[in-house]
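Enquirer: One structure coming up, written as structure tokens, with questions to follow.
2 protein chains.
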Amino acid sequence: MDPLPDCPILAGGLRCPILVPVAVCGRDSEKGELALLRGIRARAAAQALSGVRVGIGDDCAVLGVRAGEEIAVTTDLSLEGRHFRLDWHPPEAIGHRTLARGLSDLAAMGARPVAAFLSLAVPPELTRAGRGSKSRRGGKSWIDRFYDGLLALAEAYNVPLAGGDLAEFPQVVADIVLVGAARRGKAMLRSGARAGDAIYVTGALGGSAAGLRALQALKGKKPSARLAAGLAPHLYPQPRIAQGLWLARRGAATAAMDLSDGLSMDLARLCEESGVGAEIDEPTLPVAPGATLEEALHGGEDYELLFTAPAEKKLPRRIAGVPVARIGRIVRRGSENKQARRPRVILLSAAGATALEPEGWQHFRSGGLQAGQ
Amino acid sequence: MDPLPDCPILAGGLRCPILVPVAVCGRDSEKGELALLRGIRARAAAQALSGVRVGIGDDCAVLGVRAGEEIAVTTDLSLEGRHFRLDWHPPEAIGHRTLARGLSDLAAMGARPVAAFLSLAVPPELTRAGRGSKSRRGGKSWIDRFYDGLLALAEAYNVPLAGGDLAEFPQVVADIVLVGAARRGKAMLRSGARAGDAIYVTGALGGSAAGLRALQALKGKKPSARLAAGLAPHLYPQPRIAQGLWLARRGAATAAMDLSDGLSMDLARLCEESGVGAEIDEPTLPVAPGATLEEALHGGEDYELLFTAPAEKKLPRRIAGVPVARIGRIVRRGSENKQARRPRVILLSAAGATALEPEGWQHFRSGGLQAGQ
């Protein structure tokens, strides 16, 4: 995997030693686990963890939130062969993506991250340094490199890893838990979109799907510099925490969610929760460099924000440095669709109006990626 | 598995339809998952979920806690072949045990449960009704029966299942997340034990290990009524939430943890976190019916509370109906052990004083249970 691009956060150099304490709640009985835990804990250094009162070595972590705040909680599974492949994805990218998925859910609610928890099951050989040519880099074990990627993103977003669980298992399974805080009653929900609202997305769409397509074509070959850059949106997506906080603090959005399964699928979900329909103006879609229109419409794992706001509300072109594109409008749910399970989303293009069916991002199930598993 | 005892909670009859809404945060992209989710959500009925403001269908659940409270969070993996076997454990017991592990961690902190989250990965055949002779009972799918067990315990302890994740995977992986609340600064930690404190445990020890031994000997045969009763501590352990709350509210304990990996291992951990040693009086140990002394000392998954309190403090013989036994005392960590990784725990018996080495509960790794995996 060495020809693949480095984690941009790690490549920039950690500003200080890993600052987050890694605690493990509950099970840490086996000697191998204990040794591994000691190793992980040895990476921890002192940091002022304002939200984490008890992090290491107890049955639970204890977190504090501020007066007037509510707690947002999300859990996301990342499964070998489903969300990543050990022979395709660098361990740093798998760690990064694991945490990014959870942070993106907090971003969608407009919540600030308080703490992350990681339950991780790994084959024992991935915990050993220098074993397995695919996981070797500077003598580090696969799991060390996984934590490198995860903790670098954690540091960049100032979220302590406050606990979790660790176990041996034949395949890699990671369950990331994010605990965040939002002002009481101010968390952005999927259910608030109203007819007449404008529809927005942050960043660009389809970049992750295009990157996965390129990764698939590589089959381990060294990518050109141009291709390597194109892999970053897939390998190292950036959760839109600052943008979510910006929107929530101003009460700017009527509804919001993150784009984890593709615009067609996720917009249909937002419409379903809000009881509305939607029209998308194809020419306004911010298609990522190298991505096709299909990938922008249906590709998953972009982790951009999809949100709605009153049409008359003036929003900046960028929020916290990330472009915001107005891509359509919320409409009443047509009476002809009352029997339909999903509200119809219409795609308006030069060719006319067509129904945008939610195709659904199938991760590795629909592609050829699972063949090698 | 039908000859095995029923879940005692389910056997008593649910007092009402399953009351807890099941939401899934984040990923629910695939059609099979969507159908399954709709099925799970259809089981939900209206309940006054005071702590859960947003539970279903959004990127995160939103929880409220009371003023002056801190949040306790724990995550615990339950892995097929490691913590349970599909051909040995009834699905209801696997669901029950999955949730019990998390609740027990909250009990150890003296925290009240606020909400549970379940990330569950299952082979697709376990989601189909009537498929697979081992998972059939009343035409229910394995996953339905798993939720029966988990939700019955959730209802008994009044904890809503407020979210999670669901995915297909070749093996069953469950990660339970419990969010609880404790009065600020009042959560019971492992680190507060002081020389001179008395050591206590709730309930009886070794019952789960004895039950597992009986389950192993059964190999699918129908147990006698007496044997079936002996399996309950293993299949349906009861987390000590009420006892933990009782201790925390009174500030009665100087340190506490739950016994998930056996007294020898867990007491060594408590001593390590507190920087102390311990002496156990063997004759005072509450050995569970059918269990051996070895099982009481080293067997895991009893989910009883281990706690310390000042020797002069008078504690009742029962807390919320569960017996409390005084089993020894905390001592200074001997100078001869300063180099040792673990503080020494001494077992005092008629034969004299011996070091109680932490043997560690190895789940299925040390037994013959994994042979069939």
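Residue numbers (the working numbering), protein chains in the order written: chain A, -15 to 357; chain B, -15 to 357. We put the CB at the ideal spot given by N, CA and C, even for glycine. On a predicted model such as this, the values are computed, not experimentally measured, just so you know.
Taking 8 Å as the cut-off, does the segment 167 to 187 of chain A touch the segment 251 to 261 of chain A (at least 3 CB pairs, one atom from each stretch)?
Expert: yes
Enquirer: Which class does Asp159 of chain B belong to by DSSP, given the choice of helix, strand or coil?
Expert: By one-based count along the second sequence, residue 159 of chain B stands at place 175. DSSP places Asp159 of chain B in strand when its eight states are reduced to three.
Enquirer: For Leu231 of chain A, which of A:Tyr287, A:Tyr184 and A:Pro207 has the nearest alpha-carbon?
Expert: As a position in the first sequence, residue 231 of chain A is number 247, starting the count at 1. The residue with the shortest Cα to Cα distance from Leu231 of chain A is A:Tyr184.
Enquirer: For Glu359 of chain A, which three-state DSSP category applies?
Expert: Because chain A here runs from -15 to 357, residue 359 of chain A falls outside it and cannot be looked at.
Enquirer: Are any of the Cβ atoms in chain A nearer than 8 Å to that of Arg233 of chain B?
Expert: As a position in the second sequence, residue 233 of chain B is number 249, starting the count at 1. It does not; no Cβ of chain A falls within 8 Å.
Enquirer: Are the CB atoms of Ala339 of chain A and Arg328 of chain A within a distance shorter than 8 Å?
Expert: Numbered from its first residue, the first sequence carries residue 328 of chain A at position 344. Numbered from its first residue, the first sequence carries residue 339 of chain A at position 355. In contact: Arg328 of chain A and Ala339 of chain A (Cβ atoms closer than 8 Å).
Enquirer: Which residues, in chain order, does the segment 83 to 99 of chain A contribute to contact with chain B at a C-beta distance below 9 Å?
Expert: Arg85, Gly86, Ser88, Asp89, Leu90, Ala91, Ala92, Met93, Ala95, Val98 and Ala99
Enquirer: Using a beta-carbon distance below 8 Å, is Cys255 of chain B in contact with chain A?
Expert: Your numbering for residue 255 of chain B matches position 271 in the second sequence. Residue-level contact check: Cys255 of chain B does not touch chain A, since none of the beta carbons of chain A fall below 8 Å from its beta carbon.
Enquirer: At the 8 Å Cβ level, is Arg310 of chain B part of the contact set with chain A, yes or no?
Expert: Along the second sequence, one-based indexing puts residue 310 of chain B at 326. No, Arg310 of chain B lies away from the interface with chain A (no Cβ there is under 8 Å from its Cβ).
Enquirer: So Arg37 of chain A and Glu54 of chain B are in contact, right, with Cβ under 8 Å, and what is the actual spacing, rounded?
Expert: In the first sequence, counting from the first residue as 1, residue 37 of chain A sits at position 53. In the second sequence, counting from the first residue as 1, residue 54 of chain B sits at position 70. Indeed they touch by this definition, with Cβ atoms about 6 Å apart.
Enquirer: Between Ala138 of chain B and Pro267 of chain A, what straight-line distance do the alpha-carbon atoms span, to the nearest angstrom?
Expert: For this step, residue 138 of chain B is matched to residue 154 along the second sequence. For this step, residue 267 of chain A is matched to residue 283 along the first sequence. Spanning the two alpha carbons is a distance of roughly 50 Å.
Enquirer: Which residue from A:Pro75, A:Val57 and A:Asp60 puts its Cα closest to that of Leu219 of chain A?
Expert: For the purposes of this step, residue 219 of chain A is taken as residue 235 along the first sequence, with counting starting at 1. The candidate whose alpha carbon is nearest that of Leu219 of chain A is A:Pro75.
Enquirer: Give the range of the beta strand (DSSP E) segment to which Phe291 of chain A is assigned.
Expert: Translated into the one-based positions of the first sequence, residue 291 of chain A becomes position 307. From DSSP, the beta strand (DSSP E) with Phe291 of chain A extends over Leu289 to Ala293.
Enquirer: Rounded to whole angstroms, how far is the Cβ of Ser192 of chain B from the Cβ of Asp89 of chain B, which I believe are closer than 8 Å?
Expert: Position 208 of the second sequence, counted from the first residue, corresponds to residue 192 of chain B. Position 105 of the second sequence, counted from the first residue, corresponds to residue 89 of chain B. The Cβ separation is near 16 Å, so there is no contact.
Enquirer: Do you know how far the Cα of Asp245 of chain B is from the Cα of Ala77 of chain A?
Expert: To locate residue 77 of chain A, count along the first sequence from 1; it is residue 93. To locate residue 245 of chain B, count along the second sequence from 1; it is residue 261. If you take the alpha carbons of Ala77 of chain A and Asp245 of chain B, they lie about 33 Å apart.
Enquirer: Does the beta carbon of Val315 of chain B come closer than 8 Å to any beta carbon on chain A?
Expert: Translated into the one-based positions of the second sequence, residue 315 of chain B becomes position 331. Not closer than 8 Å to any Cβ of chain A, the Cβ of Val315 of chain B fails to qualify, so no.
Enquirer: Shorter than 8 Å from the beta carbon of Val4 of chain B to some beta carbon of chain A?
Expert: For the purposes of this step, residue 4 of chain B is taken as the residue at position 20 of the second sequence. Any answer about Val4 of chain B is weak, because its pLDDT of 28 lies below 50 and its placement is not dependable; what the coordinates show is given next. Chain A, which has no Cβ nearer than 8 Å to the Cβ of Val4 of chain B, makes this no.
Enquirer: Please tell me whether Ile160 of chain B and Ser62 of chain B are closer than 8 Å, where the distance is taken between their beta carbons.
Expert: Within the second sequence, numbered from 1, the residue matching residue 160 of chain B stands at position 176. Within the second sequence, numbered from 1, the residue matching residue 62 of chain B stands at position 78. A contact, by the Cβ cut-off of 8 Å.
Enquirer: Report the three-state DSSP secondary structure of Phe68 of chain B (helix, strand or coil).
Expert: Counting from one through the second sequence, the residue named residue 68 of chain B turns up at place 84. DSSP places Phe68 of chain B in strand when its eight states are reduced to three.
Enquirer: Does the beta carbon of Glu343 of chain A sit closer than 8 Å to a beta carbon anywhere in chain B?
Expert: On the first sequence, residue 343 of chain A is found 359 positions in, with the first residue counted as 1. Chain B, which has no Cβ nearer than 8 Å to the Cβ of Glu343 of chain A, makes this no.
Enquirer: Quick one: list the residues of chain A neighbouring Arg37 of chain B, beta-carbon separation under 7 Å, in chain order.
Expert: Stepping through the second sequence from its first residue, residue 37 of chain B is reached at position 53. Result: Glu54.
Enquirer: Between the beta-carbon of Leu47 of chain A and the beta-carbon of Pro97 of chain A, is there less than 8 Å?
Expert: Taking the first sequence and counting its residues from 1, the one referred to as residue 47 of chain A is at position 63. Taking the first sequence and counting its residues from 1, the one referred to as residue 97 of chain A is at position 113. Not in contact: Leu47 of chain A and Pro97 of chain A (Cβ atoms no closer than 8 Å).
Enquirer: Between the beta-carbon of Pro108 of chain A and the beta-carbon of Glu152 of chain A, is there less than 8 Å?
Expert: Residue 108 of chain A sits at position 124 when you count from the first residue of the first sequence. Residue 152 of chain A sits at position 168 when you count from the first residue of the first sequence. The answer is yes: Cβ separation under 8 Å.
Enquirer: Do the CB positions of Arg224 of chain A and Glu288 of chain A come within less than 8 Å of each other?
Expert: Here residue 224 of chain A corresponds to residue number 240 of the first sequence, with the count starting at 1. Here residue 288 of chain A corresponds to residue number 304 of the first sequence, with the count starting at 1. In this structure, Glu288 of chain A lies closer than 8 Å to Arg224 of chain A by Cβ.
Enquirer: Using CA atoms only, rank isn't needed, just tell me which of B:Gly180, B:Leu83, B:Trp72 and B:Gly164 is closest to Asp132 of chain B.
Expert: Taking the first residue of the second sequence as position 1, residue 132 of chain B is located at position 148. Of the listed residues, the one whose Cα sits closest to Asp132 of chain B is B:Leu83.
Enquirer: Hey, could you find the ends of the beta strand (DSSP E) Glu76 of chain A is sitting in?
Expert: Here residue 76 of chain A refers to the residue found at position 92 when the first sequence is read from its first residue. First-last for Glu76 of chain A: Pro75 to Met93, but that is the alpha helix (DSSP H), not the beta strand (DSSP E).
Enquirer: Does DSSP put Tyr131 of chain B in a helix, in a strand, or in coil?
Expert: Your numbering for residue 131 of chain B matches position 147 in the second sequence. The answer is helix: DSSP assigns Tyr131 of chain B an H, G or I state.
Enquirer: Does the beta-carbon of Glu296 of chain B have 16 or more other beta-carbons within 10 angstroms, so that it is buried, or is it exposed?
Expert: One-based indexing of the second sequence puts residue 296 of chain B at position 312. Around the CB of Glu296 of chain B, fewer than 16 other CB atoms lie within 10 Å, so the residue is classed as exposed.
Enquirer: DSSP three-state call for Gly187 of chain A: helix, strand or coil?
Expert: Walking along the first sequence from the start, residue 187 of chain A turns up at place 203. Three-state result, Gly187 of chain A: coil.
Enquirer: Determine the DSSP secondary structure at Thr276 of chain A, reduced to helix, strand or coil.
Expert: Within the first sequence, the letter at position 292 stands for residue 276 of chain A. Three-state DSSP puts Thr276 of chain A in coil, outside helix and strand.
Enquirer: In the DSSP assignment, what residue or residues form a beta bridge with Leu103 of chain B?
Expert: Residue mapping note: residue 103 of chain B aligns to position 119 of the second sequence, counting from 1. Residue identity differs from the one stated: residue 103 of chain B is Ser in this sequence, not Leu. As computed with DSSP, Ser103 of chain B is found in a beta bridge with B:Asp149 and B:Asp159.
Enquirer: Got a sec? Which residues, its chain only, sit under 8 Å from Arg301 of chain A by beta carbon, not counting five neighbours each side?
Expert: As a working note, residue 301 of chain A is residue 317 in the first sequence. Once the five neighbours on either side are set aside, the close Cβ partners of Arg301 of chain A are Pro307 and Val308.
Enquirer: Arg(-1) of chain B: buried (16+ other C-beta within 10 angstroms of its C-beta) or exposed?
Expert: Position 15 of the second sequence, counting from 1, holds the residue named residue -1 of chain B. Here Arg(-1) of chain B scores only 32 on pLDDT, less than 50, and its place in the model is too uncertain to base an answer on.
Enquirer: For Gly79 of chain A, collect the residues of the same chain with a Cβ closer than 7 Å to its Cβ; drop the 5 residues on either side in sequence, then sort them by chain order.
Expert: Against the first sequence, residue 79 of chain A aligns to sequence position 95. Excluding sequence neighbours, Gly79 of chain A sits near Phe130, Tyr131, Asp132, Gly133 and Leu134.
Enquirer: Is Thr58 of chain A helix, strand or coil by DSSP?
Expert: Start at 1 with the first residue of the first sequence, and residue 58 of chain A comes out as number 74. Here Thr58 of chain A sits in strand by DSSP.
Enquirer: Within a Cβ cutoff of 7 Å, which residues of the same chain sit near Arg167 of chain A, ignoring the five residues on either side of it in sequence?
Expert: Here the question's residue 167 of chain A lines up with position 183 in the first sequence. Result list for Arg167 of chain A: Gly52 and Glu53, in chain order.
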